[in-house]
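S.K.:
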Amino acid sequence: MPLTGKWLWPSGEEADQDSTAKLFSEPNCEIYVGTDSHLIGGVWIFATVIAIHNPGHGGRFIFSREKIEKNNIMHLGQRLSEEAMRSLVVASEIKQEFGRDPEVHLDLSSGKHKSSKFTKQLTSLISSSGFKVQIKPSAWVSSSIADRSAR
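Quick look at the structure:
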């Protein structure tokens, strides 16, 4: 899912490359990436979000959605790995193209949740790739914005 793919503003309007590049060029902005998914009508909807926070000046986000047939995702671990990989690819592209290090937010929990058994593996994947990583409840991009964008 390259940055040159179809990215949308919250209004549903397509974000062009110039406006997207302008977001990343703001010198004091903080960049966050997260992905979430929902099963709707027999297909998984994956939404990846890039959120930009400019302290003292608010924030904006863009998102990309993709559908995957239900049968192609067989279990929770596969789905959570797909979410993490989508976020990692986008974070890596931002770093490569714009020299910025986004923080990656994973829709994972600690403690006694179904996703907990995948938390160490997937957070290690992200951090070993050189990115800061957050899980719930601090992973607001994946658990809030991407969650709504995948519906």
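Each residue of the sequence shown is one higher than the one before, starting from 918 at the first, in the working numbering. Think of the CB as a built atom: it goes at the ideal place given N, C-alpha and C, for glycine as much as any other residue. A quick note: this is a predicted structure, and the numbers were derived from the prediction, not measured.
Just to confirm, are His970 and Glu947 a CB contact at a threshold of 7 Å?
M.R.: Residue 970 sits at position 53 when you count from the first residue of the sequence shown. Residue 947 sits at position 30 when you count from the first residue of the sequence shown. A contact, by the Cβ cut-off of 7 Å.
S.K.: Going by DSSP in three states, Phe1035 sits in which element: helix, strand or coil?
M.R.: For the purposes of this step, residue 1035 is taken as the residue at position 118 of the sequence shown. Helix, per DSSP.
S.K.: Identify, in the order they occur along the chain, each residue of the same chain with its Cβ nearer than 6 Å to the Cβ of Ile990, setting aside the five sequence neighbours on each side.
M.R.: Sequence index remark: in the sequence shown, residue 990 carries index 73 (1-based). Closer than 6 Å at Cβ, skipping near neighbours: Trp961 and Arg996.
S.K.: Nearest CA to the CA of Asn945: which residue from Gly975, Ser1004, Glu983 and Ile979?
M.R.: One-based indexing of the sequence shown puts residue 945 at position 28. It is Gly975.
S.K.: Span of the beta strand (DSSP E) holding Glu983?
M.R.: If you number the sequence shown from 1, residue 983 lands on position 66. Its beta strand (DSSP E) spans residues Gly976 to Glu986.
S.K.: Determine the closest residue to Ile979 out of Ser936, Asp1024 and Ile957, with distance taken between C-alpha atoms.
M.R.: Translated into positions along the sequence shown, residue 979 becomes position 62. Nearest of Ser936, Asp1024 and Ile957 to Ile979, Cα basis: Ser936.
S.K.: Please list the segments of the alpha helix (DSSP H) lying wholly inside the stretch 930-1010, counting only runs of 4 or more residues, in order along the chain.
M.R.: 934-942
S.K.: Between the alpha carbons of Ser1009 and Gln1051, how many angstroms are there, rounded?
M.R.: Indexing the sequence shown from 1 puts residue 1009 at position 92. Indexing the sequence shown from 1 puts residue 1051 at position 134. Approximately 16 Å, taken between the alpha carbons.
S.K.: Rounded to whole angstroms, what's the CA-CA distance from Lys1049 to Gly959? Just pull it up for me.
M.R.: For the purposes of this step, residue 1049 is taken as the residue at position 132 of the sequence shown. For the purposes of this step, residue 959 is taken as the residue at position 42 of the sequence shown. Their Cα atoms are separated by approximately 34 Å.
S.K.: On the three-pair Cβ rule with 8 Å, is the stretch 1057-1064 touching the stretch 1037-1049?
M.R.: no
S.K.: Would a C-beta distance cut-off of 7 Å place Val1021 and Ser1033 closer than the cut-off?
M.R.: Within the sequence shown, numbered from 1, the residue matching residue 1021 stands at position 104. Within the sequence shown, numbered from 1, the residue matching residue 1033 stands at position 116. Taking 7 Å as the Cβ cut-off, Val1021 and Ser1033 do not qualify as a contacting pair.
S.K.: Which residue from Gly951, Ile985, Ile1011 and Glu983 puts its Cα closest to that of Leu1039?
M.R.: One-based indexing of the sequence shown puts residue 1039 at position 122. Ranking the options by Cα distance to Leu1039, first place goes to Gly951.
S.K.: Kindly identify the DSSP beta-bridge partner or partners of Glu1020.
M.R.: The sequence position of residue 1020 within the sequence shown is 103, counting from 1. DSSP lists Tyr949 as partners of Glu1020.
S.K.: Suppose you measure from the CA of Arg977 to the CA of Gln1013; what does that come to, to the nearest Å?
M.R.: To locate residue 977, count along the sequence shown from 1; it is residue 60. To locate residue 1013, count along the sequence shown from 1; it is residue 96. So the alpha carbons of these two residues sit roughly 21 Å apart.
S.K.: Would you tell me roughly how many angstroms separate the C-alpha atoms of Lys984 and Lys1029, rounded to the nearest one?
M.R.: The count along the sequence shown starts at 1 and reaches residue 984 at position 67. The count along the sequence shown starts at 1 and reaches residue 1029 at position 112. C-alpha separation (whole angstroms): 29 Å.
S.K.: Consult DSSP for Leu925 and reduce its assignment to one of helix, strand or coil.
M.R.: Looking up residue 925 in the sequence shown gives position 8. Leu925 falls in the strand class under three-state DSSP.
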